[in-house]
Every structure is written in C-alpha cells, then in structure tokens.
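As given, the protein sequences belong to chains A and B, one line each in that order. For the record, in the first sequence the residue sitting at position 217 is 218 according to this note's numbering, with numbers rising by one throughout. For the record, in the second sequence the residue sitting at position 76 is 149 according to this note's numbering, with numbers rising by one throughout. The beta carbon of each residue, even a glycine, is placed where N, CA and C say it ideally should be.
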Amino acid sequence: MWPTSPAADGNTNTNTNTNTKTRARLSSSSSSSSSLSTSSSFSRSSSSSSSVAVLQTPKRKTMEEVWKDMNLATLANESQPPAAVSGDTRHFFRGMILQDFLASAFKSPPSSAVSSEKPQLPLPPTALSLTSGLCGPFGPSNLPHHTAASSPFSLSTKKQNLEDAPSCNAESDRHHKRMMKNRESAARSRARKQAYTNELELEVAHRAEENAKLKKQNEESGNGCSDSQKGFSSENFISAILKKNTAHLHMLVESLDFQLRDLGF
Amino acid sequence: MSNESSSLISTIGDILGPFNLSVPLRITYNNRPVINGCDLRPSAILNRPMVEVGGDDFRVFYTLVMVNLDAPNPSNPTLREYLHWMVTDIPATTNVTFGRQLISYESPRPMMGIHRIVFMLFRQLGRNTVFEPDLRHNFSTRSFAQEYNLSLPVAAVYFNCQREAGSGGRRFHN
C-alpha cells in the first residue's frame, strides 16, 4: 500500500479505504483557486493551519524519498536531462518528467520494456499519491500548472481500478477506440451472416420453384407429346435438370440448416 | 426479387443504392457462378470473370463496374471505393467480351479484413456515352452514374473477399 496523501481539509482520518474520497476531495479542491483547503494541501509554507503543516512535513519526507528513488529510476530508464534547476522550478520540472515518464511507460516498445517494465509498473500507483502530495512543495504561484497536472491523474484513477496501471486520457481513448472498432467489426460480421442466410433462403425458394415447374413439365411431356419440345428426348433432359436441382436443393437446405442452428433456431 | 434486393440493400445499399434491379446478370469465375455474399479468395479471382448480361434488345448498351467497398481495410476504408474493372458498351443479351474495356481488370488482393467486392450494371443512354475515370481509388459509383446519365444500377452482385490465409467470417461445418 502506498502512503496516503494528506487530507485536503485537515482531517486526520487517512484511512486506506478512504483514498478515493481523499482524491475526490483533492480534485475538487484543485479546481477551486482560493479555498483554504487548496492552499493547505498545496502550499509548503502555509501558515493557515499549523496542525496541517505539522502533519504534512513527516509524510512529505517519506514521499520525497520515494519520489527521489523513482526519479532516479526514470533517469536510468530514459535519457531525460537531470533536474538540475533549483527552487520551485525544479519541482515543477520534476512534475513534468513524472507526466512524461508515465506517458512513455505505456508507449515504450515491448522489446526495450522487458527489463524496465518491472520497476516502472509498481511505481506509478505510488507516483499518483505522490502527485497529490507533491503539490506540497509547489508554491502558490505554480498552482495553475499542477492543477492541470494533478487533476487528470486523480480523475483517471477514479475511473480505473487502483490495481491497474494508472492511465492518462490517451490510454482510455485508445481503449475506447478499440472497443468501438470491435463493435463495428462485430456488426459487419452479423450483417454478413444475415445477408448470407437471406441468400440461401432465396436460392432454396428459387430452386424449389424450378423443381416444381420442371416436375410438372416432366409429367406433361411424359403423358402426351408436346409440340414445343425439340427432337431430343425432352423427358430425359428435364429429369436430368430435375435431378441436378434436387441435389442442389438438398445442399442448400443443409447449409441453411447449419446457419439457422447457429442463430439459435 | 424483393428478398434479393433486401439483402443487397442491407449490405451495400447505403453506399451504392438505391437500385433498380431489372436485368439478369450472371458472373462466373472458372465456371463457378458468384452468389451474393459468397466467399472468394484472391486465388479464385485472379483473372477476369465471364459476365453474361440479360435483357432483350441488343441495341441497348450496358456498363459494368466492379468496385471494392472496403479498401484498404473495412474498419478504415480510406480508398473507398476502389475501382477494379470497368467495361462499357456491352450489348444486352450478350457478354462482357462484346464490350469495350475502359479500366483493365485488377485482381483484388485484400490485406486486412473482409472486403465487399461489387459488380454493378448500368444501362447507357446510348453507345459511346461513357468515358473512363481518372483514378481507381476513391471512386464514387453514384456520382459516376450521375455524370454519364446511367441512372440507377439495373443489376448488382457482390461477394466477400479476404486474404488467402485469412480465417474470418463464415465458419464451415463440414
């Protein structure tokens, strides 16, 4: 379990079960620009609530440590320039690296990710809580930046299971796109099947009709001589066609039977 | 007839319809007739088919158009429609060999998915009134017909085509 993020409104009930609630509070607080809760969670030098500040300090240290480790891992995996800038900008830069890191963690090709995948995957859940916790070091001047940075994470994790790897919007978009594509493909498949069944039925009907007609002709020509027929044996001719048609008919009916069985009849 | 057109309408009608199916059209690849919706692999359709046209007056001329509705990929048909073959001035009651080929037969080779390949027959106002289009890809049969006063298709036949080793679509039970 990753360390829980500090409560936005100063409540010390940081139960692991209330993580989502905490995140919800954080996301709502991130949208407000001037509330006390926002400043208390984001500002390091907050003087609004001393108790909150006290609470934040020890936790932030732990998170800072983990963040450092993770950042090192990032640098090891990717060729990112080290965060050499000092002051608030450094933290902000780290935030950006975090985003890029998470984005690239999913974009990296399978061949290169074999060795690096293990360290990456368990880290992002930690990173998520860190993001909200990292809001601490940011000065109030950086508020708009990390509001944008933190809210997608908090919102997207609400959507997905905490056990899964966290996703930015691109990932869920891709998933959605894939789902739509699959649906369309399934619809096309069904349409094809239906069309084929229709065709079979049609042909069965057609052949049956022809058979009936030919049978009738056969009878007639068998009983009496028909002037319309030519010199060759019309009877045999018709019977031959009849036989062929009947064979085809049987085949078609069999096919149709399979199709209908598939459809559940 | 209504059954036949309903299956055609549902499968290809939204792109190529409406239809005015009134003339028999018989298409055979290697002596096997093409049934609507049947499955033909690229190996079976390498060479142009025999096409027999009905009607009753050989002073009436038809144009045959063959297009792929799902090029290059049914999920992303950016080249729809792809023109595979076009023959004009086919006299009624004869076959395609009596006509004049405007676009040579290019055998379909789908790479991805199951493609619908459609043959359509149009009645011309007169002989020598239809001229070849510029490009094969992104062809529009409907606008082409409008341009050359071909009215609605008088016959249509389609089949499904996928790559040789493909295993999509209908499952065989034998």
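Examine chain A for any beta-carbon lying closer than 7 Å to the beta-carbon of MET74/B, and answer yes or no. Your numbering for residue 74/B matches position 1 in the second sequence. The predicted position of MET74/B is uncertain, since its pLDDT is 46 and thus under 50; no value can be drawn from it.
Kindly say whether LYS178/A, judged by its beta-carbon, lies nearer than 7 Å to any beta-carbon of chain B. Within the first sequence, residue 178/A is the residue found at index 177, counting from 1. So no, LYS178/A is outside the interface.
For SER177/B, return the contacting residues in chain A, with the cut-off set at a CB-CB distance below 7 Å. Here residue 177/B corresponds to residue number 104 of the second sequence, with the count starting at 1. Against SER177/B, chain A offers no close residue; the least beta-carbon distance is about 29 Å (beta-carbon pairs closer than 7 Å).
I'd like the span of the beta strand (DSSP E) that includes GLU125/B, first residue to last. Against the second sequence, residue 125/B aligns to sequence position 52. It spans 123-126 - the beta strand (DSSP E) in which GLU125/B sits, taken as one unbroken run.
Please compile the residues from chain B whose C-beta is within a distance smaller than 8 Å of the C-beta of LYS182/A. To locate residue 182/A, count along the first sequence from 1; it is residue 181. In chain order: SER148.
Three-state secondary structure (DSSP) of ASN141/B: Position 68 of the second sequence holds residue 141/B. ASN141/B: strand per DSSP, three-state reduction.
Within 8 Å of chain B by C-beta, residues of the stretch 180-204 of chain A in sequence order: So the close ones are LYS182, GLU185, SER186, ARG189, SER190, ALA192, ARG193, LYS194, GLN195, ALA196, TYR197, ASN199, GLU200, GLU202, LEU203 and GLU204.
Just curious, the beta strand (DSSP E) that THR161/B is in, first and last residue? Along the second sequence, one-based indexing puts residue 161/B at 88. Unbroken beta strand (DSSP E) run through THR161/B: 155-164.
Using DSSP's beta-bridge definition, name the partner residues of MET193/B. Reading the second sequence from its first residue, position 120 is the one you call residue 193/B. Partner(s): VAL138/B and ALA229/B.
Could you check where the beta strand (DSSP E) with GLN174/B kicks off and where it finishes? Position 101 of the second sequence, counting from 1, holds the residue named residue 174/B. Run containing GLN174/B: 173-176, per the beta strand (DSSP E) assignment.
Sheet register partners of ILE100/B (DSSP bridge): Here residue 100/B refers to the residue found at position 27 of the second sequence. Answer is VAL124/B.
Proximity below 7 Å, CB of ALA165/B to CB of GLY128/B: Sequence index remark: in the second sequence, residue 165/B carries index 92 (1-based). Sequence index remark: in the second sequence, residue 128/B carries index 55 (1-based). In this structure, GLY128/B lies closer than 7 Å to ALA165/B by Cβ.
Is the distance from the Cβ of ILE163/B to the Cβ of VAL169/B below 7 Å? Within the second sequence, residue 163/B is the residue found at index 90, counting from 1. Within the second sequence, residue 169/B is the residue found at index 96, counting from 1. A Cβ-Cβ contact shorter than 7 Å links ILE163/B with VAL169/B.
Let me know if PRO147/B comes out buried or exposed under the rule of 16 or more other beta-carbons within 10 Å of its beta-carbon. Taking the first residue of the second sequence as 1, we reach residue 147/B at position 74. Buried.
From ARG132/B, THR151/B, TYR135/B and PHE134/B, pick the residue whose C-alpha is nearest to that of ASN141/B; which is it? As a working mapping, residue 141/B is identified with position 68 in the second sequence. The shortest C-alpha separation from ASN141/B is found at THR151/B.
Contact under 7 Å by Cβ, THR161/B with ARG153/B: By 1-based counting over the second sequence, the position of residue 161/B is 88. By 1-based counting over the second sequence, the position of residue 153/B is 80. Cβ atoms of THR161/B and ARG153/B: not closer than 7 Å.
Just to make sure I have the definition right: I need the residues of chain A whose C-beta is within less than 8 Å of the C-beta of THR84/B. Which are they? Within the second sequence, residue 84/B is the residue found at index 11, counting from 1. Within chain A, the residues near THR84/B are ALA192, ARG193 and ALA196.
Beta-bridge partners of HIS249/A, as assigned by DSSP: For the purposes of this step, residue 249/A is taken as the residue at position 248 of the first sequence. Answer by DSSP bridge pairing: none, since HIS249/A is not bridged.
For ARG114/B, which residues of its own chain have a beta-carbon under 6 Å away from its beta-carbon, when the five flanking residues on both sides are left out? By one-based count along the second sequence, residue 114/B stands at place 41. These residues qualify, in order along the chain: GLU237.
Short-range partners of chain A found in the stretch 117-141 of chain B, where Cβ spacing is below 9 Å: Taking 9 Å as the cut-off between beta carbons, none of the residues of the stretch 117-141 of chain B comes near chain A.
Tell me the DSSP secondary structure of ASN93/B in three-state form. Here residue 93/B refers to the residue found at position 20 when the second sequence is read from its first residue. ASN93/B falls in the coil class under three-state DSSP.
How do the stretch 84-95 of chain B and the stretch 189-199 of chain B stand: do at least 3 beta-carbon pairs fall below 8 Å, yes or no? Segments in contact, yes.
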